[in-house]
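Taking our numbering, I'd label the letters of the sequence shown as residues 3 to 149. Note that beta-carbon positions come from the ideal geometry of N, C-alpha and C, so glycine has one too. All figures in this text were calculated on a predicted structure; none of them were measured in a lab. Following: one structure in structure tokens, then a few remarks.
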Amino acid sequence: MENADASTIAGWFAGRLPDGWFTGAPEVTIEGDQIVVVGTVPEVELPSGASADAKAAAAKGRIQRFREYTRRERIWIAREAEGLFKKNVTWGAKSGDTRVTFTPGGSGRGDGEKTKEGASVTIGRWGRRRRGPGSRRWGFPGSVRYF
Numbered sequence: 003m004e005n006a007d008a009s010t011i012a013g014w015f016a017g018r019l020p021d022g023w024f025t026g027a028p029e030v031t032i033e034g035d036q037i038v039v040v041g042t043v044p045e046v047e048l049p050s051g052a053s054a055d056a057k058a059a060a061a062k063g064r065i066q067r068f069r070e071y072t073r074r075e076r077i078w079i080a081r082e083a084e085g086l087f088k089k090n091v092t093w094g095a096k097s098g099d100t101r102v103t104f105t106p107g108g109s110g111r112g113d114g115e116k117t118k119e120g121a122s123v124t125i126g127r128w129g130r131r132r133r134g135p136g137s138r139r140w141g142f143p144g145s146v147r148y149f
């Protein structure tokens with residue numbers, strides 16, 4: 003499936019994603035070497051007199067909740083898709099007029115990672131991944147540090 007077209011990939015995601023994540027089929031596009039999956043999450047019901055700022059804040063909160071609660075499953079599905087299609091997967095969600103893209107592992111490939119918070123998560127994960135058993139956490143090459 004390495005040379006699959008956009009409709010094949012969109013069909014795979016439509017069948018693979020759990021029911022209830024999005025209000026309809028996700029929007030799946032191919033941008034260079036990555037697959038972008040953006041789904042619509044339900045809008046928050048606010049009182050009729052709510053301001054535009056309140057609506058935008060509610061939409062961002064709903065998207066953030068979706069991101070946090072589905073993280074583990076999105077990572078799993080992205081790994082499957084990357085193995086099948088040989089393309090990186092970027093996730094996103096939209097609610098009302100608000101659209102945010104993000105990646106499952108914080109690799110910095112999505113628009114959501116361009117924020118200061120996203121960059122710190124990326125740096126933190128990079129540092130964690132490089133430390134293994136027996137590796138030195140601090141110091142310069144050649145320095146000895148006993149813990």
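Legend entry - Unbroken stretches of the alpha helix (DSSP H), 4 residues or longer, contained in the stretch 4-37: 8-18
Legend entry - Selected residue, minimal CA-CA separation from Thr105, among Arg76, Ser97, Ala83: Arg76
Legend entry - Val46 beta carbon less than 7 Å from that of Arg64: yes
Inset, instruction - Work out the CA separation of Gly51 and Ala27 for me, nearest whole Å. - result: 31 Å
Legend entry - According to DSSP, residues forming a beta bridge with Thr92: Val38
Inset, instruction - Can you tell me the Cβ-Cβ gap for Ile11 and Val40, rounded? I've got them flagged as a contact below 8 Å. - result: Wrong, their Cβ atoms sit about 13 Å apart, outside the cutoff.
Inset, instruction - Could you check if Asn94 is buried or exposed, using at least 16 other CB atoms within 10 Å of its CB as the buried criterion? - result: This sequence places Gly at residue 94; Asn is not what is there. It is buried - the Cβ of Gly94 has at least 16 other Cβ atoms within 10 Å.
Inset, instruction - Return the CA-CA distance between Lys88 and Trp78, expressed in angstroms with no decimal places. - result: 15 Å
Legend entry - Spatially closest choice to Ala80 from Arg69, Thr92, Tyr71, Ser97, by CA coordinates: Thr92
Legend entry - Bridge partners - Ser53, DSSP secondary structure assignment: Looking at the DSSP assignment, Ser53 forms no beta bridge with any residue, so it has no partner.
Legend entry - CB contact flag (Ala56, Gly98, <7 Å): no
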